[in-house]
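Novice: Provided herewith is a single structure, encoded as structure tokens, for subsequent inquiry.
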Amino acid sequence: MMVEDSRQTEARYLLRHATLRQIEIVEAVARLGSFTRAAEELFLTQPTVSAQVKSLSETVGMPLFEQIGRKIYLTDAGSLVARGCRDVIDSLSNLEMSLNDLKGLKKGRLRLSVITTAKYFAPLAMGDFAKQFPDIDMELKVSNRDTLLKRIEDNLSDLYIIGHVPDSGLDLELIPFAPNPLVVIAHRDHPLARERAIPLERIAEEPFIMREPGSGIRHKVEEHFAQHGLRLKQRLVLEGNESIKHAVVGQLGISIVSEHALNLESEAGPLVKLDVEGFPLERYWNIVYPRGKSLSVIAREFLAFLKEHGGDYLKIG
Numbered sequence: 008m009m010v011e012d013s014r015q016t017e018a019r020y021l022l023r024h025a026t027l028r029q030i031e032i033v034e035a036v037a038r039l040g041s042f043t044r045a046a047e048e049l050f051l052t053q054p055t056v057s058a059q060v061k062s063l064s065e066t067v068g069m070p071l072f073e074q075i076g077r078k079i080y081l082t083d084a085g086s087l088v089a090r091g092c093r094d095v096i097d098s099l100s101n102l103e104m105s106l107n108d109l110k111g112l113k114k115g116r117l118r119l120s121v122i123t124t125a126k127y128f129a130p131l132a133m134g135d136f137a138k139q140f141p142d143i144d145m146e147l148k149v150s151n152r153d154t155l156l157k158r159i160e161d162n163l164s165d166l167y168i169i170g171h172v173p174d175s176g177l178d179l180e181l182i183p184f185a186p187n188p189l190v191v192i193a194h195r196d197h198p199l200a201r202e203r204a205i206p207l208e209r210i211a212e213e214p215f216i217m218r219e220p221g222s223g224i225r226h227k228v229e230e231h232f233a234q235h236g237l238r239l240k241q242r243l244v245l246e247g248n249e250s251i252k253h254a255v256v257g258q259l260g261i262s263i264v265s266e267h268a269l270n271l272e273s274e275a276g277p278l279v280k281l282d283v284e285g286f287p288l289e290r291y292w293n294i295v296y297p298r299g300k301s302l303s304v305i306a307r308e309f310l311a312f313l314k315e316h317g318g319d320y321l322k323i324g
């Protein structure tokens, strides 16, 4: 009981001494990793930003940021405070959107984070959604799987699109909404390009271009070959599908990518899909968000939009 009273007293202290402006500033500095960029975003001077961060640090009783060289980093206390600031801002944003919804207006902000392969369709979906709600602000962040999971943990976006969902300890709502097949690709002049029903063992003999550690595709590929007692002959590790496609065009090896990464490739171009036994590997795109998170009106609208129309942006061809 005394512990609970102590927490309530601390909460009331923060309510009395922390201002909404300070909360907004600390959230921006934490998100952008820069006092200067936060000042620019909020149309403030850098000394004002520094002074407000210092004031909230004194209210908390611990430093929120530390500077190492030219970079600033959140302290442990700063990470907790930044997360709390985001929760406050999200709650107020959701309130504003709900009030706008009662007025028959669709205004607000949609923040979407996606893994790198989803960049081929996410902007198209967001563009069509924006046509329905032209007054909303949008933010799209593209990252690999590990970075995206950290964004979920830090509550940096409203919704997230990911392929393979690892056992990360995060309690997530997961909504599969479209297929995401993985295919083996090679240069058109590769000796295997004209073969059919290529055994998996034969693929394992080829120099292979791998995605970076933390990639969901890499995890799925390694898992699949391990299940068959095989290891790939890794020649090169690259980040992102575009780098991998260029390396395959350069005949540095073969690779495995999402079939959607080939949508903009010409059929007469230098890349071909290999006919490999057991491929395409079936995967799905998933919309995820933390279980229990209160989605804004706009986020719920976009979630419904993706569930209904998401597959339209993922047709292979």
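Everything in the sequence shown is counted per this note's numbering, starting at 8 for the first residue and increasing by one.
Ideal Cβ positions, reconstructed from N, Cα and C, are used throughout, including at glycine.
Predicted, not measured: the structure shown is a model, and the values here were computed from it.
For K314, tell me which candidate among L166, I159 and K126 has the shortest Cα-Cα distance.
Specialist: Per the C-alpha coordinates, the member of L166, I159 and K126 positioned closest to K314 is L166.
Novice: Applying the criterion that 16 or more other CB atoms from any shown protein chain within 10 Å of the CB defines a buried residue, is F215 buried or exposed?
Specialist: buried
Novice: How many angstroms separate the CA atom of A193 from the CA atom of Q241?
Specialist: 15 Å
Novice: Looking at the structure shown, is S98 part of a helix, part of a strand, or coil, going by DSSP?
Specialist: S98: helix per DSSP, three-state reduction.
Novice: In its own chain, which residues sit with a C-beta less than 8 Å from the C-beta of E31, not counting the 5 before and 5 after it?
Specialist: L49, C92 and I96
Novice: With 16 other CB atoms within 10 Å as the buried threshold, where does E213 fall?
Specialist: buried
Novice: With a threshold of 16 other CB atoms inside 10 Å of the CB of I224, please say whether the residue is buried or exposed.
Specialist: Taking all protein chains shown into account, I224 has 16 or more neighbouring C-beta atoms within 10 Å of its C-beta and is therefore buried.
Novice: Please identify the residue among R116, R23 and T43 whose C-alpha is closest to the C-alpha of L99.
Specialist: R116
Novice: Any idea if K252 is buried or exposed, counting beta-carbon neighbours within 10 angstroms, 16 or more meaning buried?
Specialist: Label assigned to K252: buried.
Novice: On the CB-based measure, 16 or more other CB atoms within 10 Å of its CB, does H24 come out buried or exposed?
Specialist: exposed
Novice: Strictly by DSSP, which residues pair up with S262?
Specialist: I192
Novice: How far does the alpha helix (DSSP H) with K61 in it reach, from first residue to last?
Specialist: Q53 to V67
Novice: Just to confirm my understanding: we take L119, look at its own chain, exclude 5 residues before and 5 after, and list those with CB closer than 8 Å. What are they?
Specialist: A129, M133, M145, E146, L147, K148, S164, D165, L166, Y167, I168 and F309
Novice: So, for P381: in the same chain, excluding its five sequence neighbours on each side, which residues have a beta-carbon less than 7 Å away from its beta-carbon?
Specialist: Since the first residue shown for the chain is 8 and the last is 324, residue 381 is missing from the structure and cannot be characterised.
Novice: According to DSSP, simplified to helix, strand and coil, what is L313?
Specialist: helix
Novice: Near R14, what residues of its chain come up, given a Cβ to Cβ distance below 6 Å and the 5 sequence neighbours on each side ignored?
Specialist: Because R14 sits at a pLDDT of 48, beneath the cut-off of 50, its placement in the model cannot be relied upon, and the following sentence gives the value as read from the coordinates. Result list for R14: empty, nothing under 6 Å.
Novice: Thinking C-alpha only, which one of P186, D196 and R158 is nearest L179?
Specialist: R158
Novice: So V279 packs on R195, CB below 8 Å; how close in whole Å?
Specialist: 5 Å
Novice: If I'm right that L177 touches P297 with Cβ under 8 Å, what's the distance once you round it to whole angstroms?
Specialist: About 7 Å; that satisfies the 8 Å criterion.
Novice: Skipping 5 residues on each side, what residues in its chain have a beta carbon closer than 8 Å to that of A275?
Specialist: Setting aside the 5 residues that flank it on each side, A275 has no residue in the same chain whose C-beta is closer than 8 Å to its C-beta.
Novice: What are the partner residues of E272, as DSSP defines its beta bridges?
Specialist: None; E272 has no bridge partner.
Novice: Please state the DSSP three-state secondary structure of Y320.
Specialist: helix
Novice: Using beta-carbon positions only, say whether T329 and N293 come within less than 9 Å of one another.
Specialist: Absent from the structure is residue 329, since the part of the chain shown begins at 8 and ends at 324.
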